[in-house]
Amino acid sequence: MDFRSLIQRLTKLRLPGFSATSSKSARWKALEPPTSDHLLVGGLMLTSFLLRLWIASKQELFQDEALYFFIGQRLPWTFSPHPPGTPLLAYLGSVLLGRHEFAIRFMNLVFLTATIPLIFMLGRELGSLRIARWATIAFVLTPFYFAIGTICTPDAPQLFFWALAMYWLWRATNSKSRPSFIAAGVALGLGLYFKYILILVLPSYALFLLLSGKWKQALRDRDLWSFLAIAALLFLPFALWSEAREGWPALRYHLQDRQTFVLPTLNNIGEYLGVHLLYYSPLLYLAAVGGALYCGWVGLRNANRKWLFLSSFFVVPWLFFLLIAAFTRRILSREQWDAPAYIAGLIAAAILFDRVLSALPPSPIRRRVQELGIAAVALGGLLIAGAAAESVAELPSHLLGRPPFFSSMAGWRTMARAADRHLEEEMATGASPYLLGNSFLPVLQYAFYGKYSPKLFTLNHSQNRKYGLTHFLDRAGLSARHLASVGQAPALFVAESDDFDETSQRLIELEQKLKNHFAEVTPLPPAEERDGNRILKQFLFFRCRGLLTSPNRTASPPSGNATP
1 MDFRSLIQRL TKLRLPGFSA TSSKSARWKA LEPPTSDHLL VGGLMLTSFL
51 LRLWIASKQE LFQDEALYFF IGQRLPWTFS PHPPGTPLLA YLGSVLLGRH
101 EFAIRFMNLV FLTATIPLIF MLGRELGSLR IARWATIAFV LTPFYFAIGT
151 ICTPDAPQLF FWALAMYWLW RATNSKSRPS FIAAGVALGL GLYFKYILIL
201 VLPSYALFLL LSGKWKQALR DRDLWSFLAI AALLFLPFAL WSEAREGWPA
251 LRYHLQDRQT FVLPTLNNIG EYLGVHLLYY SPLLYLAAVG GALYCGWVGL
301 RNANRKWLFL SSFFVVPWLF FLLIAAFTRR ILSREQWDAP AYIAGLIAAA
351 ILFDRVLSAL PPSPIRRRVQ ELGIAAVALG GLLIAGAAAE SVAELPSHLL
401 GRPPFFSSMA GWRTMARAAD RHLEEEMATG ASPYLLGNSF LPVLQYAFYG
451 KYSPKLFTLN HSQNRKYGLT HFLDRAGLSA RHLASVGQAP ALFVAESDDF
501 DETSQRLIEL EQKLKNHFAE VTPLPPAEER DGNRILKQFL FFRCRGLLTS
551 PNRTASPPSG NATP
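And the structure:
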């Protein structure tokens with residue numbers, strides 16, 4: 001069979017699914033998967049949850065997690081630099097399960113686990129049971145989705161609410177159901193409390209209405225307007241009030257401070273797209289992109305609303321962040337903000353795989369296609385297994401003879417223990433020392449791992465500006481301009497260093513910097529996190545006495561700056 005005849009045969013096939021003319025009882029029956037599918041989804045949920053829980057208990061917090069935990073305790077309802085949902089989840093986990101790493105991450109584990117049945121239901125609604133099974137397995141074995149369901153970031157709740165909004169919007173569109181529109185509005189409104197990216201649900205749905213030719217009818221649909229109104233009422237009043245009260249810091253950070261436009265380069269685009277091959281596994285990523293484009297093409301040709309819906313919810317976030325990566329200096333390769341796009345992409349990949357298999361007669365070629373589909377999913381599973389082995393035993397990095405891949409998450413307990421010892425020496429003299437960090441990171445990590453509750457401050461470091469924390473740190477009383485509030489109390493200064501060959505030079509630079517603010521600056525023994533004979537991290541300490549100046553002293557210090 002040549003390529004042309006294969007394409008013609010593919011485009012004539014009907015999409016597997018349930019008849020729109022079936023009775024209510026038949027439709028209800030179709031909504032209930034067989035027991036084997038219940039077992040499949042339940043087994044995937046349980047296995048994924050337990051494995052991620054095991055890994056979550058082995059790794060120390062990385063910088064975002066320490067930040068979310070601190071915000072959740074100190075200023076849980078702030079929208080700067082990110083919405084308050086994730087800090088609240090981190091704080092809730094610590095309240096329920098104590099101050100442990102897995103407790104901070106626990107609610108994210110729950111959200112990612114709850115997304116698994118949503119993928120199955122979406123796959124069933126937009127395809128068939130067979131497609132739902134493939135898409136669900138692919139989702140569970142996608143490395144990036146597994147990773148964000150293991151740590152505390154906004155991404156797992158974002159995926160849950162994105163999938164939930166997709167599901168109810170399709171149900172509302174397909175059945176003209178007001179309750180479904182209301183449920184979609186609730187999903188979108190709540191999801192915005194975790195990540196502003198959820199707003200892309202609206203242009204995605206608008207593109208679907210435009211491509212399907214239903215946009216004029218939609219504009220006259222009161223239920224659609226109720227969906228928009230509910231989402232807006234759940235999010236906008238409180239968000240606008242909070243932002244206006246603080247001077248719009250989140251708006252300035254995301255729309256002004258982070259946007260430096262540049263001409264696109266192949267390097268920027270290649271880095272952004274290339275890293276997807278690792279995060280989503282090469283074959284799954286290519287299948288997701290190819291499946292979404294295929295669904296859009298065939299959906300337009302055949303007026304297939306299901307496939308147009310899938311394609312729209314892929315194209316908008318995928319293209320939006322591709323343009324940002326191409327035309328701004330923002331580096332999105334680490335954050336992978338287009339993650340919601342691949343929910344539709346994986347379902348579309350399952351549809352494409354199913355259509356190709358259906359078009360091929362029993363033959364060696366068909367068997368090769370089946371093996372390719374299994375390999376695509378299995379490769380993702382192998383990447384997850386490698387990441388799990390690295391998280392628990394650092395096996396891959398040891399075999400490769402290189403530093404641990406997750407070394408950025410190590411060493412904070414070591415830093416906190418060393419800080420505790422230095423603080424105890426000061427407290428033994430009857431003083432009340434405070435902790436001063438070169439940036440926000442060691443200070444917030446100490447707030448989680450430290451034994452004591454000193455006042456915390458951070459110098460005006462570029463990292464504070466880079467992550468949009470200047471406003472938050474100032475409002476929480478941690479910025480350097482509030483040092484005057486402690487008078488002449490002694491300070492313990494700590495800075496993280498990764499330039500181990502230039503430690504002496506780094507010590508000299510820090511000492512000179514501190515002498516601009518303190519009359520007496522004394523270097524203390526550094527703390528090191530080691531992997532065998534290899535230094536992974538180094539923490540430099542100084543004892544500082546006699547505060548001379550306090551940067552930006554004009555503002556009066558806030559009250560209550562004590563670490564929880």
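Under UniProt numbering, the residues of the sequence shown are numbered 1 to 564, in order. Don't be surprised by glycine CBs; every beta carbon is placed ideally from N, CA and C.
Under the three-state reduction of DSSP, Glu529 is assigned to strand. In the structure shown, Ile151 adopts coil according to DSSP, grouped into three states. Contact between the region 276-289 and the region 137-144 is present, with at least three C-beta pairs closer than 8 Å.
When only Cα atoms are considered, Val377 and Gln370 end up about 11 Å apart. By the Cβ test, the region 374-392 is in contact with the region 402-421, since at least three Cβ pairs between them sit closer than 8 Å. For Ala344, the closest of Val356, Glu502, Arg74 and Ala132 by C-alpha to C-alpha distance is Ala132. Only residues of its own chain outside the window of five on either side were considered, and among them Ile119, Phe120, Leu122, Gly123, Gly127, Leu346, Ile347, Ala349 and Ala350 have a CB closer than 8 Å to the CB of Ala135, listed in chain order. Taking the C-beta atoms as reference points, Leu483 is found no nearer than 8 Å to Thr458.
For Thr115, no beta strand (DSSP E) segment is defined; the enclosing uninterrupted segment is the alpha helix (DSSP H) at Glu101 to Leu126.
Burial is judged here by how many other beta carbons sit within 10 angstroms of a residue's own beta carbon; Phe313 has at least 16 and is buried.
Contact between the region 211-227 and the region 175-190 is present: three or more C-beta pairs spanning the two stretches fall below 8 Å.
By the neighbour-count definition (other C-beta atoms within 10 Å, threshold 16), Ser439 is a buried residue.
Setting aside the 5 residues that flank it on each side, Trp307 is surrounded in the same chain by Leu15, Leu126, Cys295, Gly296, Val298, Gly299, Ala348 and Ile351, each with a C-beta closer than 8 Å to its C-beta; the list follows chain order.
Assignment of Leu141 by DSSP, reduced to helix, strand and coil, places it in the coil class. The beta carbon of Ser397 sits closer than 7 Å to those of Glu390, Pro403, Pro404 and Phe405, all from its chain and outside the five residues before and after it, given in chain order.
Annotated as proximal: Leu61 and Ile104, with beta-carbon spacing under 8 Å. Per DSSP, the continuous alpha helix (DSSP H) segment holding Gln370 begins and ends at Pro364 to Ala393. In this structure, the alpha-carbon of Leu92 lies about 17 Å from that of His82.
In the three-state reduction of the DSSP assignment, Glu496 falls in the strand class. Buried is the label assigned to Ala359, since at least 16 other Cβ atoms lie within 10 Å of its Cβ.
The Cβ-Cβ distance between Tyr452 and Ala489 does not fall below 8 Å. By the CB criterion at 8 Å, Leu112 and Ala163 fall outside the cutoff. DSSP, read as helix, strand or coil, puts Arg220 in coil. The C-beta distance from Leu536 to Ala410 rounds to 6 Å, short enough to fall under 8 Å.
In the DSSP assignment, Gly546 falls within the unbroken beta strand (DSSP E) covering Arg534 to Leu547. Within the DSSP bridge table, the entry for Ala491 names Tyr434 and Cys544 as partners.
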